[in-house]
Amino acid sequence: MGFFDDKQDWLEIVFRNYPPENRRAAVMPLLRKVQQEEGHVSPERIREIAEILGTTATEVRGVMSFYSYYQAVPTGKYHLQVCATLSCKLAGAEELWDTLRAELGVGPGEVTPDGLFSIQKVECLGSCHTAPVVQVNDEPYLECMNRERLRALLEGLRAGKPLEEIELPGDCGHEVRKEGA
Amino acid sequence: MSEGFIVSGHDPRFERTLYAHVGRPDAHTLDYYLGHGGYEAARKALASMTPDEVIEEVKRSGLRGRGGAGFPTGLKWSFMPKDDGQQHYIIMNADESEPGSFKDRYILEDDPHQAIEGMILAGYAIRATKGYIYIRGEYRRAYDRLVAAIEEAYARGYLGKNLFGSGFDFDLYVHRGAGAYICGEETALMNSLEGLRANPRLKPPFPAQKGLFGKPTTINNVETIASVVHIVARGSDWFAQMGYDKSKGMKLYQVSGPAVRPGVYELPMGTTFRELIYDWAGGVREPIKALIPGGSSTPMLPFNDDTLDTPMDYEHLAEKGSMLGTGGVILIPERACVVDVIWNLVRFYGHESCGKCTPCREGVAGWLVKLLGQIERGRGKPGDLELIEDLLDNIEGKSFCPLADAAVWPVRGALRHFRHEFERHIEEGRCPLEKKGFWG
Amino acid sequence: MPKLRINDREIEVPEGTSVLDAIFHAGYDVPYFCSERHLSPIGACRMCLVKVGAPRKGKDGDWIRDEAGNPQIFWFPKLMAACTTRATEGMVVDTLADEVRKAQAGMVEFHLENHPLDCPTCDKGGACELQDRSYEYGLFEKYYTQTQNGLKTVLYSRFEFTKRHADKHHKLSEFVVLDRERCIHCKRCVRYFEEIPGEEVLDFIERGNHTFIGSEEIPLPAGFSGNITDICPVGALLDLTARFRARNWEFEKTPTVDMNDAFGAAIWVDSRSGRIERIRAREHPETNQIWISDAARFGHGWASRDRLTEPLLRKDGELVPVSLAEAEAFLAERLSGAKGEEVGLLLAADATLEEGYAFAEAARALKTPHFGFENATRYPVANLPAARYEELLEAEFALVIGDPAEEMPNLYLRLQEFLKGVTPAPRYYHGTPIADLRLEEHMPRRRERLAVFAPYPTRLHRFAGVAGVYPPGSVGALVGALFAILNGKRPEPVPGVPEAELRRVAERFLAAKTRAVVVGAEVLEAPAAAQAVADLARAKGALVFAMPPAAGARGLEAVGLWNPKGRGWEEPGAGLLLAFGATPPERVLAAARLRVLALSHLDPRARAQADLVLPAKTFYEKRGYTVNAEGRVLELRPAPTAPLGAMDGIEALAFWLRGMGRKPPAGHYREARERLHERHKLPLDLPEEVAFWRPKLRLAARPGEDKGELFLAPTMWRARMLADPRVRAALGPPRLRAHPETARRLGLDPGATVEVETGYGRWEARVELDPALAEGALVLPAWGRGAGRRVAYRLRVPAGGEA
Ligand SMILES: Cc1cc2nc3c(=O)[nH]c(=O)nc-3n(C[C@H](O)[C@H](O)[C@H](O)COP(=O)(O)O)c2cc1C
Ligand code: SF4
Ligand code: SF4
Ligand code: FES
Ligand code: FES
């Protein structure tokens, strides 16, 4: 069965965002949907999307592979993305990454045997003042990460807690301001 | 301090607008927004101003694009054709991916109606009845709040048909990115939105002639468009009394790195680094040796009195051999190795290179990254710095879009002010800084 | 027309000219990789950076002037990519400045950084733009030298890291192989597919330094894929038919014309040691530009395999090699006392004008009714007016009845150009613009300008505002209905095509200032329909593009090989038969007492039925002229690959006539050409741009009507090409397409292999269901024989039973 077969209403809504003669503009939302629900975008899904959009699988793959969010290989239930750019690096992103690798025993492109975790280094997430930053799947950021907060996160996820219910111990260790003072 | 131009956040005449509500509970809801004067600027403009009058007002304000390049916004809007019978588009660039920048995010998270109101105004001015907000894919909370706000706005008639009874229709859509810095470049953004690979497009034709879906289009940064709300509400004179000559209005500055209170600060254009870092961000938590003034592509400056007393605006920073960029200040602590810092940044630009043009794909993403990595790992050779400088010459100004330049500038800045660190790496065959694990 | 200065030369160029073209127009050189003729300029390779300055206008509208009163030149702060910069009035371009030189050398160095430099084993070596440009603009002593052991050498690259490694033998199809390491990311191939045939089957994958060329549509659809091997500036995309066959400088390169279809595409025949190794497109701006079809390019394998090298004579039931003298004696004996009207003279579809002329003259002299050429249609194409291909670009609306992608692939590409709204480009001293700024990536196709009808969905259907599929056999009804509407009459219904659609077509047709009608073999086989098209063109004014199934049809008909009485090639009757270039149908051979075939290859029918076989030249090896579908006279030149003793049609005919004891109209090619010229006043001395021969003819149509039920769909591929296993592998078994209901009725299972026999041959075909077909329709590829006709057939399912 096609992934989108039972999502015709959803497709309808997505297509409303673009001029009818530019159906292929919807390629990114469709890819995102597949990525969100299946953890990666398989060649079959690429074909399916191409068909829905009236374009070729080559074009869809060209677009898909351009972005770092869409994955060609399966990811874990929780795909942990660690920002590795300057501010996060200066705030310990490398240690964070190493800890994560050690704790989970996986490298990029791999999934833990229980299917729960996969990891990826990503570039600046736009939260440099709360570095280092981790994003789980497509969820809001986890900020000012350190070893303790990371452990608590993994524990919570392993215990099957929803992300927003997991308490991360401590805080940034410094004030963070975003309001206009 | 109460005469002349406002160039300090301490000036009693200065009042926060863009971030006035950021961080307040429920500030993202329509009720809150309406309770704080929301949509009055749009109502006023649509009721009593012609589109050209809005453009004139923006021109008079001296507002320049806050996305990094600083192009005069009113002038850009005036490039849009008039009465050509075509669909026009206004796009809000919320791709915010330049390392060190995170100002747009909170507008969208905590004050999305401000962005929507700005889009209505901009759309009205350039005669666009459709708008897109291109938001980077990772901004999940901002996306959720934005979509909810748009729904609310539609439900209560602030979007859709015949806004404020003016006869002006405006539809607003949100398109999510998926992790590609280049999508912040306006023409790459349009390609991305059209479902193509996000390589920058040729200019001309400029977006105002042939933009999104081949139609006349204007693209502006979130902060730029949000600023318009206040320009219309309070008048261009109010805006123009802030800042220096050609750098007007308020600006969202960001501080990251070991400041006491890193974060976003809305201050008048031309506020000094010293005021930003010490007065507002509470000073530094450890010794600092350099700062990156406006997002990672701007050349770093040594952390000294001269730099600290520099007003943060387009002209003064250009005089110092750097740029205002996005106003994202990154503090580089003493303990950090500049070679490592630069390698990290060049690696970032290399990773984000779209691959279209040779100097960026091969020069930045291929060669420069390898050379800097080699030096950082202590395998540099005599002559490497000269080679790097020659490569920079062969890249700078020769690429298709400014991304490659954005990789070149930080290297130039670092070599100008911290060449000795590079030399020591090469001479000693290792990083001279004791590298302790960050977490001890 | 802006005037500008390139270094020291003042030139004037048309509005919209790129600086790159201006530089070449001025006679200077500038390196480039990403730009390519007919493709959109994208400014990606950055090789063409030059110094550009321009005067500026002051507030008063006049130029800002220097002390001397001349307009002051403001130099752009950066070097500009010449390909994407528009030449403007007063511009000054410096291509020789030191900074330009340095930028070029730097860019060559970047290009070579990850290039494998495996030129010695690369088929592109010696014809590689990267090699050439590296020598010309790379290795720049001034910047890049090193001293080793006291020896100063020039460096091609200072890059000392491991190069990027990637797939070196990535087969994209049976015909094209990709070497990803050699790719320099110029994007020509990607743009080609999107912009020229309109198939997005190749694209960049990944981004940045990891970017590579890839496809999810492997094997690439055979049709228009081969052109990428011509335009790839490096050896990243190569022609597999020619893989490792020779170095570029070893090829004998013959410029000639493709005679597989009537378009008249210009080709290079690259041969070595008497074998054709490769066909490439030859630039001909007015016709094929720089493109050819895959059939024209990759379908040459047959020509160099199993060639007949000597006469074969049937002795004791077997064909055995004999000397020419023995063959001559045999003929003299068998033809002595032969009556002229018994003789049948038949010529293959790819014959030259001279051959046609000789055959026609001989037939006239012999007073025989048995003469003609292969694939002659019922309606003579020469009766239809001919328009230039370029004129199509000036039309506002085109009505297509047929399948241009298969019938005349290059016309299909012209239709794609028409859809983009591109008009013919200006010509410069260097020819076609290299960076034509009117072209853009992803140009919208103006579908509303195109209506397409065919008995099955064609490649063009996807691009048409109105696209219809009618049942085979209804083309007359379709044309009739359309023309009734155009003439304000009530149309008869056309099965499968709603009247409203036809009315839309008529409306657009009438609304357009200039319009074109493109018709294929099926229309030409239905004389009433074809006549209606001719009348319409005359009455309402329309450009007509007819796609006859015989490459030489227009010319052969005009030189007198038109035979309105009977189907010369297909109708039995002649007792003494000479056929040149192809083997006539079995029944024609069976009816003759003497069967002499001049062939390049022995086919099963000839092996079974010929009395004498003479070795013949293929069209690649002939000298002569042809008239293409637009009435243009094109010259064929011989590739040096014909076996010694292989004859052209003129020689074979002379050989035959000498056997009859008659004087041939021409003993050899040169004589035939002179006679032909005397008789028809061909514009042989004019350059091909303007050499047209369009005699006004009103030849009688041939009687008859198709009665069969199997439609033979035109194909760019010819049966003879299937001798090459590579072609067979690429095409797979022929597809017998049927409407699902029809298949059910005939007991055909999808995917099943069945044997189909028609008067043109026997095929093992694979059954394919196609709901887009009309109920009752059965469609089989013609592979060059009987295209556009409906024929009787017999089906055998493999179990043995008759289906
Ligand atoms: C590589 C690159 C990345 C960019 N990224 C962003 C961005 O993330 N957000 C943004 O607003 N502008 C970005 N820009 C600038 C935009 O191209 C464009 O100038 C801007 O959106 C115009 O808006 P403004 O006039 O309001 O500044 C980027 C430019 C380049 C060359
Ligand atoms: S500089 Fe070139 S390769 Fe780099 S992002 Fe811009 S267009 Fe792409
Ligand atoms: S394969 Fe050839 S044509 Fe295609 S991008 Fe690479 S170098 Fe250019
Ligand atoms: S560097 Fe990690 S969020 Fe900006
Ligand atoms: S940039 Fe490639 S030819 Fe101009």
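As given, the protein sequences belong to chains A, B and C, one line each in that order. Position 54 of the first sequence, counted from 1, bears residue number 54 in our numbering, the numbering being contiguous throughout. Position 119 of the second sequence, counted from 1, bears residue number 300 in our numbering, the numbering being contiguous throughout. Position 664 of the third sequence, counted from 1, bears residue number 1285 in our numbering, the numbering being contiguous throughout. All residues carry an ideal CB built from backbone N, CA and C; glycine is no exception.
- With respect to the C-alpha of C/E898, the residue from C/E907, C/M880, C/G920 and C/R1175 having the closest C-alpha is C/G920.
- Boundaries around C/P876 are those of the beta strand (DSSP E), E873 to V878, since no alpha helix (DSSP H) includes it.
- Restricting attention to A/M1, A/V34 and A/N22, the CA atom closest to the CA of A/W10 is found in A/V34.
- Per DSSP, the continuous beta strand (DSSP E) segment holding C/S892 begins and ends at A887 to R893.
- The nearest non-hydrogen atom of ligand 3 is 7 Å or more from the C-beta of B/R558.
- Here C/A1200 is bridged, per DSSP, to C/L967 and C/L1218.
- Here the distance from the Cβ of B/N274 to the nearest heavy atom of ligand 1 is below 7 Å.
- Short note on C/H732: C-beta not closer than 7 Å to any heavy atom of ligand 3.
- Taking 3 residues as the minimum length, the beta strand (DSSP E) runs contained wholly in the segment 828–863 of chain C are 833–835 and 858–860, in order along the chain.
- Taking the beta carbon of B/K551 as reference, the chain C residues within 8 Å of it are F782, listed in sequence order.
- Note that the C-beta distance between C/W1314 and C/A997 is not below 8 Å.
- In the structure shown, B/R442 falls within a coil segment according to DSSP collapsed to helix, strand and coil.
- Looking only at C/T768, C/A953, C/G819 and C/R779, the smallest Cα-Cα distance to C/Y1033 is reached by C/G819.
- Those residues of the segment 56–79 of chain A placed with their C-beta closer than 8 Å to a C-beta in chain C are T56, A57, T58, E59, V60, R61, G62, S65 and F66, ordered along the chain.
- The alpha-carbon of C/L861 is positioned some 31 Å away from that of C/V1248.
- Not one beta carbon of chain A lies nearer than 8 Å to the beta carbon of C/V1126.
- Within the segment 817–836 of chain C, those residues whose Cβ lies closer than 8 Å to any Cβ of chain A are, in chain order, E820, E821, V822, L823, D824, F825, I826, E827, R828, G835 and S836.
- For B/E277, the nearest beta carbon of chain A is closer than 8 Å to its own beta carbon.
- Bounds of the beta strand (DSSP E) holding C/H991 are H991 to F994.
- Ranked by Cα distance from C/A1085, the options C/P1119, C/R1111, C/F1039 and C/L717 are led by C/F1039.
- Counting the other CB atoms within 10 Å of its CB gives A/Q8 a total below 16, which places it among the exposed residues.
- Within the model, the alpha-carbon separation for C/A1155 versus C/K1161 is close to 10 Å.
- When rounded, the separation of the alpha-carbon atoms in C/E1113 and A/E12 is 40 Å.
- Each of C/V1096, C/R1175 and C/D1057 was checked against the Cα of C/A883, and the nearest Cα belongs to C/R1175.
- For the options B/R357, B/L573 and B/C535, the alpha carbon positioned closest to that of C/G829 is the one of B/C535.
- Proximity of chain A to C/E838 at the Cβ level (cut-off 7 Å) is accounted for by T56, A57 and T58, in chain order.
- Taking a cut-off of 8 Å on C-beta distances, the segment 35–55 of chain A does not touch the segment 348–357 of chain B, as fewer than three cross pairs fall below it.
- For the set B/A226, B/V520, B/G564 and B/A595, the Cα lying nearest the Cα of B/R558 is the one of B/V520.
- Bridge partners of B/K432 according to DSSP: B/L448.
- Taking C-alpha positions only, C/N881 is separated from C/P1006 by approximately 22 Å.
- Checking the 7 Å criterion, the Cβ of A/S87 is within range of a heavy atom belonging to ligand 4.
- Note that the C-beta distance between C/A1019 and C/R1070 is below 8 Å.
- Not a single heavy atom of ligand 2 lies less than 7 Å from the C-beta of A/I13.
- Along the segment 511–537 of chain B, the positions whose C-beta sits under 8 Å from a C-beta of chain C are G531, H532, E533, S534, C535, G536 and K537, read in chain order.
- Using a Cβ-Cβ cut-off of 8 Å, B/F581 counts as an interface residue toward chain C, since at least one Cβ of chain C sits closer than that to its own.
- For the options C/P1148, C/L929, C/L793 and C/N869, the alpha carbon positioned closest to that of C/I900 is the one of C/N869.
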